[in-house]
Amino acid sequence: DDVSSPRTIGLLTWSEDPKHFPTVVNPLLQLEGIGDVLEPRQGWTMLGKTYSSGHEADLEDVLLRKVIRTVSMKGAEYAVWYPMRREGKFYKEKPEDQCRRLLEHAAIGRAYSAKAGVWDVRLNCYGLDAADNEFVIGLMYKDLYPLSKIVEDMRKTAHSSFFMKSFGPFFVGQRVFVHAPSN
(Lines of atoms letter the chains of each structure in order from A and count residues from 1; the text may use other names and numbers.)
(Lines give C-alpha, C1' and ligand atoms only; values in the text may rest on other atoms or scores of the structure.)
Protein backbone atom coordinates (compact mmCIF):
# COMPACT_ATOMS: atom_id res chain seq x y z
CA ASP A 1 0.00 0.00 0.00
CA ASP A 2 1.20 3.48 -0.87
CA VAL A 3 1.48 5.30 2.47
CA SER A 4 0.99 8.74 0.92
CA SER A 5 -1.82 7.90 -1.52
CA PRO A 6 -4.59 5.61 -0.24
CA ARG A 7 -5.97 4.77 -3.70
CA THR A 8 -2.69 3.54 -5.16
CA ILE A 9 -0.38 0.58 -4.74
CA GLY A 10 3.16 -0.25 -5.69
CA LEU A 11 3.88 -3.40 -7.64
CA LEU A 12 7.37 -4.85 -7.57
CA THR A 13 8.09 -7.50 -10.15
CA TRP A 14 11.23 -8.95 -11.69
CA SER A 15 12.44 -11.19 -14.44
CA GLU A 16 15.63 -12.13 -16.23
CA ASP A 17 13.68 -11.79 -19.49
CA PRO A 18 12.87 -8.18 -20.48
CA LYS A 19 9.89 -9.46 -22.52
CA HIS A 20 8.22 -10.31 -19.19
CA PHE A 21 7.20 -6.70 -18.62
CA PRO A 22 5.37 -5.91 -21.89
CA THR A 23 4.02 -9.46 -22.38
CA VAL A 24 3.04 -10.47 -18.82
CA VAL A 25 2.94 -7.47 -16.47
CA ASN A 26 1.37 -4.88 -18.78
CA PRO A 27 -1.50 -7.16 -19.95
CA LEU A 28 -2.14 -8.20 -16.34
CA LEU A 29 -2.50 -4.57 -15.28
CA GLN A 30 -5.01 -4.01 -18.09
CA LEU A 31 -7.34 -6.88 -17.11
CA GLU A 32 -10.92 -6.05 -16.31
CA GLY A 33 -11.22 -5.51 -12.58
CA ILE A 34 -7.60 -4.38 -12.32
CA GLY A 35 -6.98 -1.99 -15.19
CA ASP A 36 -10.25 -0.15 -14.63
CA VAL A 37 -9.43 0.45 -10.95
CA LEU A 38 -5.69 1.03 -10.98
CA GLU A 39 -4.08 3.76 -13.00
CA PRO A 40 -0.34 4.31 -13.26
CA ARG A 41 0.89 7.49 -11.60
CA GLN A 42 2.78 9.46 -14.21
CA GLY A 43 6.48 9.66 -13.42
CA TRP A 44 6.37 6.89 -10.81
CA THR A 45 7.36 3.87 -12.89
CA MET A 46 10.83 2.72 -11.91
CA LEU A 47 12.71 0.24 -14.08
CA GLY A 48 16.19 -0.96 -13.27
CA LYS A 49 18.61 -3.84 -13.67
CA THR A 50 21.16 -5.47 -11.42
CA TYR A 51 24.78 -4.59 -12.03
CA SER A 52 28.29 -5.44 -10.94
CA SER A 53 30.89 -3.21 -9.31
CA GLY A 54 33.61 -5.71 -10.16
CA HIS A 55 34.33 -6.71 -6.56
CA GLU A 56 31.69 -9.42 -6.10
CA ALA A 57 32.76 -12.82 -4.80
CA ASP A 58 29.70 -14.50 -6.35
CA LEU A 59 28.72 -12.56 -9.46
CA GLU A 60 25.87 -14.87 -10.42
CA ASP A 61 24.28 -14.46 -6.98
CA VAL A 62 24.59 -10.67 -7.11
CA LEU A 63 23.11 -10.41 -10.59
CA LEU A 64 20.38 -13.07 -10.40
CA ARG A 65 19.40 -13.87 -6.80
CA LYS A 66 20.43 -11.25 -4.22
CA VAL A 67 17.79 -8.65 -5.10
CA ILE A 68 14.98 -11.23 -5.10
CA ARG A 69 16.19 -12.57 -1.75
CA THR A 70 16.36 -9.04 -0.31
CA VAL A 71 12.90 -7.87 -1.40
CA SER A 72 11.36 -11.17 -0.23
CA MET A 73 12.86 -11.09 3.29
CA LYS A 74 10.55 -11.54 6.21
CA GLY A 75 10.38 -8.45 8.37
CA ALA A 76 10.75 -5.97 5.52
CA GLU A 77 7.38 -4.42 6.33
CA TYR A 78 8.08 -0.94 4.89
CA ALA A 79 9.89 0.18 1.79
CA VAL A 80 11.06 3.43 0.29
CA TRP A 81 11.85 3.30 -3.44
CA TYR A 82 13.21 6.21 -5.43
CA PRO A 83 15.21 7.02 -8.55
CA MET A 84 18.28 9.21 -8.45
CA ARG A 85 20.54 10.96 -10.90
CA ARG A 86 24.03 12.37 -10.45
CA GLU A 87 25.30 15.66 -11.81
CA GLY A 88 27.50 15.24 -14.87
CA LYS A 89 30.42 16.77 -12.98
CA PHE A 90 30.66 13.62 -10.83
CA TYR A 91 31.87 11.71 -13.87
CA LYS A 92 34.62 14.27 -14.46
CA GLU A 93 36.08 13.62 -10.99
CA LYS A 94 39.21 11.48 -10.75
CA PRO A 95 38.33 7.80 -10.22
CA GLU A 96 39.98 7.79 -6.78
CA ASP A 97 37.89 10.83 -5.74
CA GLN A 98 34.72 9.16 -7.01
CA CYS A 99 35.62 6.05 -5.03
CA ARG A 100 36.31 8.02 -1.83
CA ARG A 101 32.96 9.83 -2.05
CA LEU A 102 31.07 6.62 -2.78
CA LEU A 103 32.75 4.81 0.12
CA GLU A 104 31.77 7.62 2.52
CA HIS A 105 28.21 7.40 1.24
CA ALA A 106 28.13 3.58 1.40
CA ALA A 107 29.48 3.56 4.98
CA ILE A 108 26.20 5.07 6.16
CA GLY A 109 24.17 2.33 4.48
CA ARG A 110 26.45 -0.38 5.89
CA ALA A 111 26.13 1.10 9.39
CA TYR A 112 22.32 1.01 9.23
CA SER A 113 22.44 -2.52 7.87
CA ALA A 114 24.80 -3.74 10.60
CA LYS A 115 23.09 -1.91 13.48
CA ALA A 116 19.40 -2.15 12.60
CA GLY A 117 19.17 -4.73 9.84
CA VAL A 118 17.99 -2.33 7.14
CA TRP A 119 18.13 -3.89 3.67
CA ASP A 120 18.80 -2.11 0.42
CA VAL A 121 18.56 -2.72 -3.30
CA ARG A 122 20.48 -0.69 -5.86
CA LEU A 123 19.53 -1.03 -9.51
CA ASN A 124 21.17 0.62 -12.50
CA CYS A 125 18.77 2.29 -14.93
CA TYR A 126 21.01 4.12 -17.42
CA GLY A 127 19.02 4.43 -20.64
CA LEU A 128 15.99 2.62 -19.18
CA ASP A 129 14.30 5.42 -17.24
CA ALA A 130 11.94 7.87 -18.93
CA ALA A 131 13.34 10.72 -16.79
CA ASP A 132 16.98 9.74 -17.50
CA ASN A 133 17.70 8.66 -13.93
CA GLU A 134 20.75 6.50 -13.30
CA PHE A 135 19.77 4.34 -10.33
CA VAL A 136 16.69 3.03 -8.55
CA ILE A 137 17.18 2.61 -4.81
CA GLY A 138 15.02 0.49 -2.51
CA LEU A 139 15.30 0.59 1.29
CA MET A 140 13.41 -1.96 3.38
CA TYR A 141 12.86 -2.41 7.12
CA LYS A 142 10.30 -3.46 9.73
CA ASP A 143 9.60 0.21 10.63
CA LEU A 144 9.40 3.35 8.53
CA TYR A 145 11.45 5.76 10.65
CA PRO A 146 14.97 4.40 9.95
CA LEU A 147 14.35 4.51 6.21
CA SER A 148 13.68 8.23 6.30
CA LYS A 149 16.68 8.74 8.60
CA ILE A 150 19.03 6.93 6.18
CA VAL A 151 17.96 9.23 3.35
CA GLU A 152 18.46 12.25 5.64
CA ASP A 153 21.92 11.12 6.76
CA MET A 154 23.06 10.29 3.23
CA ARG A 155 22.03 13.75 2.02
CA LYS A 156 24.82 15.16 4.20
CA THR A 157 27.59 13.32 2.35
CA ALA A 158 29.69 15.08 -0.29
CA HIS A 159 28.37 12.61 -2.86
CA SER A 160 24.75 13.63 -2.26
CA SER A 161 25.17 17.31 -1.45
CA PHE A 162 27.56 18.19 -4.30
CA PHE A 163 27.00 15.60 -7.00
CA MET A 164 23.32 14.65 -7.03
CA LYS A 165 21.04 16.25 -9.58
CA SER A 166 17.76 14.68 -8.45
CA PHE A 167 16.12 12.28 -6.04
CA GLY A 168 12.60 10.95 -6.34
CA PRO A 169 9.73 10.79 -6.51
CA PHE A 170 9.74 8.68 -3.35
CA PHE A 171 7.37 5.74 -3.18
CA VAL A 172 6.74 4.92 0.49
CA GLY A 173 4.84 1.72 1.03
CA GLN A 174 3.82 -0.92 3.51
CA ARG A 175 4.12 -4.45 2.19
CA VAL A 176 0.83 -6.28 1.84
CA PHE A 177 1.92 -9.43 0.04
CA VAL A 178 5.07 -11.12 -1.18
CA HIS A 179 5.33 -14.16 -3.39
CA ALA A 180 8.70 -15.47 -2.28
CA PRO A 181 10.73 -17.50 -4.74
CA SER A 182 10.79 -21.23 -4.12
CA ASN A 183 14.59 -21.63 -4.21
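Position 74 (the sequence shown) corresponds to 1508 in this note's numbering; numbering is contiguous.
For glycine and all other residues, C-beta sits at the position ideal for the given N, C-alpha and C.
A quick note: this is a predicted structure, and the numbers were derived from the prediction, not measured.
Worksheet item: Roughly how many angstroms lie between the CA atoms of ASP1566 and SER1506, to the nearest whole one?
Response: 28 Å
Discussion item. Which same chain residues end up closer than 8 Å to ILE1468 when comparing Cβ atoms and leaving out the 5 residues on each side of it in sequence?
Written reply: LEU1462
Practice prompt. Classify VAL1514 as buried or exposed, calling it buried when 16 or more other Cβ atoms lie within 10 Å of its own Cβ.
Written response: Buried: at least 16 other Cβ atoms inside 10 Å.
Worksheet item: Is the distance from the Cβ of TYR1575 to the Cβ of VAL1552 below 8 Å?
Response: yes
Worksheet item: Grouping DSSP H, G and I as helix and E and B as strand, with all else coil, what is ARG1499?
Response: coil
Discussion item. My output table needs one value for GLN1532: the three-state DSSP class, helix, strand or coil.
Written reply: Helix at GLN1532.
Worksheet item: Is it true that the stretch 1589 to 1605 meets the stretch 1532 to 1542, where meeting means three or more beta-carbon pairs spaced less than 8 Å apart?
Response: yes
Worksheet item: Going by alpha carbons, who is nearest to TRP1478 out of SER1600, TYR1516 and GLU1568?
Response: TYR1516
Practice prompt. Return the Cβ separation of GLY1444 and PHE1604 in integer angstroms, given the expectation that the two are a contact with Cβ distance under 8 Å.
Written response: Actually they are not in contact, since the Cβ atoms of GLY1444 and PHE1604 sit about 11 Å apart, beyond 8 Å.
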